[in-house]
Every structure is written in structure tokens, then in C-alpha cells.
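Down below is the structure, laid out as C-alpha cells.
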Amino acid sequence: MSSNISLSRYLVEQQRSKGHIPADLRLLLEVVARACKSISHAVNKGALGGVLGSAESENVQGEVQKKLDIIANEVLLEANEWGGHLAAMASEEMDSIYLVPNRYPQGEYLLLFDPLDGSSNIDVNVSIGTIFSVLKKPEGNQGVTEQDFLQPGKQQVAAGYCIYGPQTTLVLTVGDGVAMFTLDREQGSFVLTQENVQVPADTKEFAINMSNMRHWADPVRKYIDECLQGKEGPRGKDFNMRWIASMVADVHRILTRGGVFMYPWDKREPHKAGKLRLMYEANPMSWLIEQAGGAATNGHTRILDLKPGQLHERVSVVLGSRNEVERITQYHAQI
Ligand code: P6P
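In terms of the UniProt record's numbering, the sequence shown is residues 1 to 335.
What follows is the structure, given as C-alpha cells:
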């Protein structure tokens, strides 16, 4: 693998050779990547930058915001608002959509993001990340509304995340497979380090927060019980468990070596479909997983087919190695 292919060159070649992405989308993705570089720099400074700890405020989810949550959100807004590629943005950290100010040219894309996913891990120096999703603004020259964002995940034109861990790695799809770019801090650029990422169809590793076990629905309990029985049980093999409590980190592991990730509905808040957000967590991650040969459902339905009802709606998530996701989905169909 040639190690001198930058993100910019990769995107130009995607644009030129496969007509896959228009110039405006390429430029938008390069701006998002630059914003992620800035966020990585702030994250890496940690206590030295005075950015750890709580911001003493709450977001639309009712969650206490970390200082870095707010910093990351502002970096993404400021980096993207002037470029002319976007019409509006939506963020986990903001109640309503953010319209590009009139002083800047309006573009044809909508950008959604979780600016810093896994922020409960910030203060304990465990990997966190930025998740982003790009949709096209619906035709018509009327102003953008929240309704314009409510498109099924299969309408995405780009999706990805940047994980801030031992390496800073940008993982991206524009509909032609999944590519990974590692940040070369000496050059200050993202360099292609893997393309055509593939998730193995089978796995021996599951990721779920086991402390919620008593709250799960029967199909999830059945699946996990069988995994825990190991080779003596119906699965005939031992399983391992991982739970980083950073979706970005758990999904990155699955894209790298396979596995199944679950954040299912549980009876603590029966009116909520799940904990994770559809528009800027489940949809981008599900497209990446599918583009890498995996599968992603809410236990019943392909996540990318779900029609959103509201911007911050939540969803149950089962994603990763295709054969495991299909087994779990079958268990749900049997109830
Ligand atoms: P729990 C992080 O807050 C997050 O949204 C995901 O990144 C992660 O998978 C999940 O919540 C962790 O939730 O309940 O295990 O802390």
C-alpha cells in the first residue's frame, strides 16, 4: 500500500475516476477533516489545555456537557459555516438546526455530527471521537428546516468518524467502500492507511453494557446467554466481550477485526427506542458497517431504512459481523 496517498488525493481520485463525489462534497469533507485535526489537538492536550472536566451545562439530551463537547462543537460550526458547501448543520449538542449565516454562500449539503462521542471517557484518557453524516439538501429554494434533515440513512452521501486514540484515524465512506486515514502529525495530514475495509461475517466478540442485562428484552438475553455458555452451549464456541463505552472505539474495533455491537432497547425507559441517536450516531456508523460488508438493524429493521420522525430521536442498535446481526434479528422475529 503506497503510504503517500493523502485524504485530499484519495478524494480527488474518487471524484475523478469514479465520478463518485462532486467537488463541493470533496471540499466539505476536507473541511471536516481539518476540524477533526483541531479537535484531536485539543483532546491530546487534555489537562495541559485546561479542557478536561464538566462545562456545568446540559445538552438537549439532558446530559452534562464536558468542556471538550462544547469546544468540539464550536470547532465544527466555525470550520464549516463559511465554506459555501453547506446549507445547515445539526449537532447532538444543539437543540435545533444551525443555519449557515446569510453573510456566507449557501451550499447544497446538510452536515450532522456528534462532535465528541464517548465524552464520559475524556477525563479517564480513553479513546473518543467525532461522528459525522452528510445529506443532500432537498430540492427547492425555500429555507432549510429541521424537516429537511429527516431523511433515512440510506440517503447519506458521506459518513465517517475520527477516533482520537493512540492514533488519530479518520474513517470514511462516500459509497465506494470504507477507507482509513491516519493523522501524520509531522506532516499535519491524514494519510491513507487502509482501504476496502471488510468486517468478517463471523466473530467471537460481542460488545454490550452487561450491567443492563436485567432490563433487556428476551431476544437480547437469549443471544447473550448463548454467547456466555461458550463451547458447551448451542453456539459451540467461546466468546469474548469488550465494552469501551465509546461507540466510535467499539465500532473501530469491529471494522478492524469483526465483532457485534449492541445498545438495545431496555425497559428502564420503555418509551425510548434506545440510548443512541439515529441521525448522527446510528446512521453514519451503520452505513460504514454495511459498506464494509457488515449489517446494522434495530433488532427488526435495517437501520438505514428507518424514516426519522425527529432530529434527536433514539434507536436500538445491533451492528457488525453480518451472521451475528442476522441471528439476533431472527431472535427478535421469533417473539
Ligand atoms: P453506557 C457514549 O456516551 C455513548 O453515547 C456511546 O458512545 C456509547 O456506546 C454509549 O453511550 C455508552 O453507554 O450506558 O455504557 O455508558
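Ideal placement from N, C-alpha and C gives every residue a C-beta, glycine not left out.
The ligand P6P heavy atom lying under 7 Å from the CB of residue i
i	result
N209	yes
Y223	no
A245	yes
Y161	no
S120	yes
Y263	yes
D250	yes
D69	no
D148	no
D117	yes
Residue i (DSSP reduced to helix, strand or coil)
i	result
V174	coil
R314	strand
Y98	strand
D184	strand
K66	strand
N212	helix
V199	coil
Q194	strand
M1	For M1, the predicted model reports a pLDDT of 48, less than 50, meaning its position is unreliable; a value from the coordinates is still stated below. The answer is coil: DSSP assigns M1 none of H, G, I, E or B.
I163	strand
A179	strand
V325	helix
V260	strand
A273	coil
Inter-residue CB distance, residue i and residue j (contact presumed, cutoff 8 Å)
i	j	result
I328	Y223	5 Å
Q14	I5	Not really, about 11 Å apart at Cβ, beyond 8 Å.
V197	A292	5 Å
G160	P284	7 Å
A87	V75	Not confirmed; about 20 Å, so no contact.
A296	I289	5 Å
G140	G107	Not confirmed; about 15 Å, so no contact.
Residue i beta carbon near the ligand MG (any heavy atom closer than 7 Å)
i	result
K275	Among the ligands in the structure shown, the ligand MG does not appear; only the ligand P6P can be found there.
Residue i and residue j closer than 8 Å at C-beta
i	j	result
V315	G259	no
V31	A79	yes
Y10	S133	no
residue 340	N240	This structure cannot settle anything about residue 340, because the visible part of the chain is limited to 1 through 335.
W265	G153	no
L170	Q156	no
C162	G118	no
Q194	A179	yes
S96	E63	no
P234	S321	no
L276	M247	yes
D218	I39	no
K67	D176	no
N59	E81	no
Enumerated in chain order, which unbroken segments of the alpha helix (DSSP H) with a length of 4 residues or greater are wholly contained in the region 18-55? Within the region 18-55, the complete alpha helix (DSSP H) runs of at least 4 residues fall at 23-45.
Whole beta strand (DSSP E) elements within the region 278-322, 3-residue minimum: Along the region 278-322, the beta strand (DSSP E) occurs as fully enclosed runs of 3 or more residues at 295-297 and 317-320, listed in sequence order.
Pick out the complete alpha helix (DSSP H) segments inside the region 68-155, 4 residues or longer, and give them in chain order. Inside the region 68-155, DSSP marks whole alpha helix (DSSP H) runs of 4 or more residues at positions 146-149, from first to last along the chain.
Secondary structure, beta strand (DSSP E): runs of 3+ residues fully inside the region 205-250: 205-207
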